[in-house]
Amino acid sequence: MKDKGFPIFLSIEAIFLLILYYASNGESVWSSAILGFPFVQIGAGLRMLSLSGSTGNGVAILLYVLLCLLPVAALLLFRRKRPLAPEDGLLVLLSLFLFLALYFMVNPGKIPGLLSGEEGTLLLEQSLFSGAAYALMFSYAVIRALRHFMGADRERLQDYLAILLRVVAVYFVFLAFGASFQVFLERIAPLQTDIVMGLEVGLYDGSNYFFAFLQYLANMLPYVLNVVVILAALNLMKAMKENRYSQEVTTRAHRVSRLCAVSLAATVLVTVALNLLQLLYLDRLRSVNIQVVIPVLSVAFVLTVLLVVQFIGENRQLKEDNDLFI
Numbered sequence: 001m002k003d004k005g006f007p008i009f010l011s012i013e014a015i016f017l018l019i020l021y022y023a024s025n026g027e028s029v030w031s032s033a034i035l036g037f038p039f040v041q042i043g044a045g046l047r048m049l050s051l052s053g054s055t056g057n058g059v060a061i062l063l064y065v066l067l068c069l070l071p072v073a074a075l076l077l078f079r080r081k082r083p084l085a086p087e088d089g090l091l092v093l094l095s096l097f098l099f100l101a102l103y104f105m106v107n108p109g110k111i112p113g114l115l116s117g118e119e120g121t122l123l124l125e126q127s128l129f130s131g132a133a134y135a136l137m138f139s140y141a142v143i144r145a146l147r148h149f150m151g152a153d154r155e156r157l158q159d160y161l162a163i164l165l166r167v168v169a170v171y172f173v174f175l176a177f178g179a180s181f182q183v184f185l186e187r188i189a190p191l192q193t194d195i196v197m198g199l200e201v202g203l204y205d206g207s208n209y210f211f212a213f214l215q216y217l218a219n220m221l222p223y224v225l226n227v228v229v230i231l232a233a234l235n236l237m238k239a240m241k242e243n244r245y246s247q248e249v250t251t252r253a254h255r256v257s258r259l260c261a262v263s264l265a266a267t268v269l270v271t272v273a274l275n276l277l278q279l280l281y282l283d284r285l286r287s288v289n290i291q292v293v294i295p296v297l298s299v300a301f302v303l304t305v306l307l308v309v310q311f312i313g314e315n316r317q318l319k320e321d322n323d324l325f326i
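Take a look at the structure:
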């Protein structure tokens, strides 16, 4: 994906998530539905085919077996192109697990510990098996990626890092405009219910809604700033790929380090300001959420970036000294 197109993609993702969660009114069933895809839909289709008659039941069983054996089939294809590795055993485990997971997708009433037959609860129970299947897939993908990383040269490692940064940016956008926005909707839901029921209407003059929105902004701010840092880092990597000893690389490296420091400081200061504001309006708020931020990981990230920036500057200076000597 091109650098200019990636920020546009992230913006579209953010708008889509806001619309999606607002339309669902923050219901967690969306998460279950997404996690259950496509296993729940496959199970429903196989069940419908199985109940259509003896012929349909035979076809459904055949499709069930073929779908569950897909990871093993992929393993056989890999074996023709490269030697098998220990992590390939996860594909066999995934195939065995699919027999269990798809069985419960087809027969959800037989899921152990199913509490009720309600649609939301049933979907949540099914999503647990889907999530376990996804966990196996991602574990295999991560271990295979690590094997590729170990044998890659510097340029390929930069390409892998750029892909990883894009994936992380997509995830941060989800946290900012999806998960955090759902928490905001859940926080204002009791306020709307109490107003409708006429409970202490005078208390709700808008302060609670305003502070709930401020809390949402404070929660999403670190993720948004992280995305900004990632976009700057991607530009830095692009410049390094063209000429890692250029002045532009040094300039962009310092820009990334400044963004890291500013984002960390902004996150801490916004949290402190919100805590103090809540204490000032304590008598008007339905609930107070005081946060203590200890950004150990963020500080470590900033120090790492600063170290890389210093390393880039020293490399460029060494290159200039060598050119003068020659």
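So the sequence shown is numbered by our numbering: it starts at 1 and just counts up by one.
Beta carbons are placed, not taken as given, at the ideal position from N, Cα and C, and that holds for glycine.
Contact between residue 95 and residue 72 holds: CB atoms are separated by about 5 Å, below the 8 Å threshold. For residue 23, the secondary structure class from DSSP, reduced to helix, strand or coil, is helix.
Taking the Cα positions, residue 162 is about 34 Å away from residue 42.
Judged by pairs of C-beta atoms under 8 Å, the stretch 1-15 does not touch the stretch 73-83, as fewer than three such pairs exist. Secondary structure at residue 159: helix, using DSSP grouped into helix, strand and coil. For residue 176 against residue 220, the beta-carbon gap comes to about 4 Å, under 8 Å, which counts as contact. In the same chain as residue 261, and ignoring 5 residues on each side of it, the C-beta atoms closer than 7 Å to its own belong to 302, in chain order. Look at the beta carbons and you see the stretch 165-182 touching the stretch 221-232: at least three pairs across the two are nearer than 8 Å.
Excluding five sequence positions before and after residue 147, the CB atoms of its chain that fall closer than 8 Å to its own CB belong to 85, 87, given in chain order. The C-beta distance from residue 21 to residue 178 rounds to 6 Å, short enough to fall under 8 Å. The distance from the Cβ of residue 182 to that of residue 289 is about 16 Å, inconsistent with a contact at the 8 Å cut-off.
Distances from the CA of residue 139 to each of 160, 126, 93, 180 were compared; the closest alpha carbon is that of 93.
In the structure shown, the three-state DSSP call for residue 45 is helix. With a cutoff of 8 Å on beta-carbon distance, residue 208 and residue 285 are scored as near each other. DSSP places residue 285 outside both helix and strand once states are collapsed to three, so it counts as coil. For a cut-off of 8 Å, the C-beta gap from residue 64 to residue 46 is around 6 Å, short enough to register as a contact.
For residue 88, the secondary structure class from DSSP, reduced to helix, strand or coil, is helix.
Between the C-alpha atoms of residue 62 and residue 50 there is a straight-line separation of about 11 Å. Only exposed fits residue 247, as fewer than 16 other CB atoms lie within 10 angstroms of its CB. Look at residue 178 here: in three-state DSSP terms it is helix. Taking 8 Å as the cut-off, the beta carbon of residue 306 is found no closer than this to the beta carbon of residue 263. Excluding its 5 nearest sequence neighbours in each direction, residue 137 has C-beta neighbours in its own chain below 7 Å: 94, listed in chain order. About 5 Å separates the beta carbons of residue 270 and residue 218, which is inside the 8 Å limit, making them a contact pair. Look at residue 111 here: in three-state DSSP terms it is coil, with no helix or strand label. Of the other Cβ atoms in all chains shown, 16 or more fall within 10 Å of the Cβ of residue 106; this residue is therefore buried.
If you draw a 10 Å sphere on the C-beta of residue 125, you find 16 or more other C-beta atoms in it, and that means buried. Of the residues assessed, residue 310 falls on the exposed side of the cut-off, its CB having fewer than 16 other CB atoms within 10 angstroms. Where residue 59 is concerned, the enclosing alpha helix (DSSP H) starts and stops at 54-68. Separation of residue 11 and residue 83 (C-alpha to C-alpha, rounded to the nearest whole angstrom) is 42 Å. Where residue 238 is concerned, the enclosing alpha helix (DSSP H) starts and stops at 207-243. Approximately 5 Å separates the beta-carbon atoms of residue 312 and residue 253; this is inside 8 Å, confirming the contact. With at least 16 other beta carbons inside 10 angstroms of its own, residue 36 counts as buried.
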